[in-house]
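See below for the structure under consideration.
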Amino acid sequence: MVRHFFFTLLTMQYTHVLITGASSGIGEAIARSLAAKGCHLWLVARRKERLVSLQQELQKEFPHIQVFTFALDVRSAEAVRGLFNDLASGELRPNVIVNNAGLAAGLAAVDAADLEDWHRMIDTNVKGALYVLKYGIPLLKTPQGGHIVHMSSVVSREVYAGGSVYSATKHALDAIHRTLRLELLPWPIKLTSINPGLVETEFSLVRFAGDVDRAQQVYEDIEPLKAEDIADVVAYCLSLPKHVNLPEVHITASAQATATKVRKKDGSIRG
Ligand SMILES: NC(=O)c1ccc[n+]([C@@H]2O[C@H](COP(=O)([O-])OP(=O)(O)OC[C@H]3O[C@@H](n4cnc5c(N)ncnc54)[C@H](OP(=O)(O)O)[C@@H]3O)[C@@H](O)[C@H]2O)c1
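Counted the way this note's numbering counts, the sequence shown spans residues 204 to 474.
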């Protein structure tokens, strides 16, 4: 895909970027975009082979940057603590954290939902994101500061039937984000929350436990955002001058009004 020329010209304020959930979708697109802008990358996710193949591809294309991979589950506080302990003693350290790993599991009403789906969403989207913040923030508390990007969602501010717990996790992430803007004010650390609408990634495949047909129906007959659209916006936020911050960005497809209400290609409204 040819990106808008504007985004290819951006110069990053901070160039050492750790991305969770970098093995697919939005996180992977952010990694590709920032590698092209000369950033060193720390790529985190569970699927090691995906991370290594992305690392090899980026190192080949951009030999002047360094790309590190860490195969871990953000639901493990110990694993996240170990990662940041190792980074703290290294010469090259991240000064940007993109807290992106997350998922929706299932689309059931509260009284019909699978408890395991709730645990996965809460443990990853809320507790996992918190572990990354708890152990990652000390790296950013330097005179040079840094930038934290939260990958939230339009459902951080709205709800839909079947989305109670996924929405609750993104509402929680929004509360954490706004709290951190207060707690981190004494340091030159910027905080940006990105709130995307429908983005075509592996998100729906994960939500529907690998059911390809059901996942495709989500994006059928509409024009959703692409992961690269979100990556462009993240790059833009990271490129702003030191004294400028975008605390919240809401981004949807042009044909999307709410989490579920979209205009189909034939002009009719779904949802
Ligand atoms: N797609 C959308 O419509 C949409 C809209 C709004 C917000 N978002 C948010 O955007 C973020 C990225 O989602 P996406 O759309 O790019 O979906 P995706 O393609 O499924 O990517 C999710 C990423 O999160 C990682 N991940 C999931 N659980 C993890 C865990 N326990 N530990 C470490 N990494 C984990 C996955 O890697 P592994 O499986 O390899 O661990 C993968 O790299 C999520 O927070 C999601 O809530 C998505």
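We put the beta carbon where it would ideally sit given N, CA and C, even for glycine.
Just so we're clear, the structure is a prediction, and the values are computed from it rather than from any experiment.
Item, Value
"Contacting residues, own chain, Cβ-Cβ under 6 angstroms from L221 (five flanking each side not counted)", "W245, P297 and I300"
"Terminal residues of the beta strand (DSSP E) in which S393 lies", "The question names Ser, yet the displayed sequence has Lys at residue 393. Element bounds for K393: I392 to P399."
"Alpha carbon of V270 to alpha carbon of L441, nearest angstrom", "18 angstroms"
"Residue closest to Y217, alpha-carbon to alpha-carbon, out of R410, K373, C242 and N288", "C242"
"Beta-carbon proximity of L401 to Q459, cut-off 8 angstroms", "yes"
"Check: D326 C-beta below 7 angstroms from any heavy atom of ligand 2", "Only ligand 1 can be found as ligands here, which leaves ligand 2 out of the picture."
"Euclidean distance between Cα positions of T272 and A234", "12 angstroms"
"Where K425 falls: helix, strand or coil (DSSP)", "It should be noted that the sequence gives Ile, not Lys, for residue 425. It is coil, neither helix nor strand."
"Contact the stretch 445-453 vs the stretch 389-406: 3+ CB pairs below 8 angstroms", "yes"
"Check: D276 C-beta below 7 angstroms from any heavy atom of ligand 1", "yes"
"Cβ-based burial, H267 [other Cβ within 10 Å; buried from 16]", "exposed"
"First through last residue of the beta strand (DSSP E) which encompasses H350", "G349 to M354"
"Identity of the residues DSSP links to R466 by a beta bridge", "I472"
"Beta carbon of V437 nearer than 8 angstroms to that of V357", "no"
"heavy atom of ligand 1 below 7 angstroms from A438 C-beta", "no"
"Three-state secondary structure assigned by DSSP to N448", "coil"
"CB of N328 within 8 angstroms of CB of T372, strictly", "yes"
"The beta strand (DSSP E) enclosing T272, as first and last residue numbers", "V270 to A274"
"Straight-line gap, D432 to V255 (C-alpha atoms, nearest Å)", "24 angstroms"
"Spatial distance of P444 from I379 (CA atoms)", "24 angstroms"
"Assigned secondary structure, Q216 (DSSP; H/G/I helix, E/B strand, else coil)", "coil"
"Classification of V313 by the beta-carbon crowding that lies within 10 angstroms, buried from 16 upward", "exposed"
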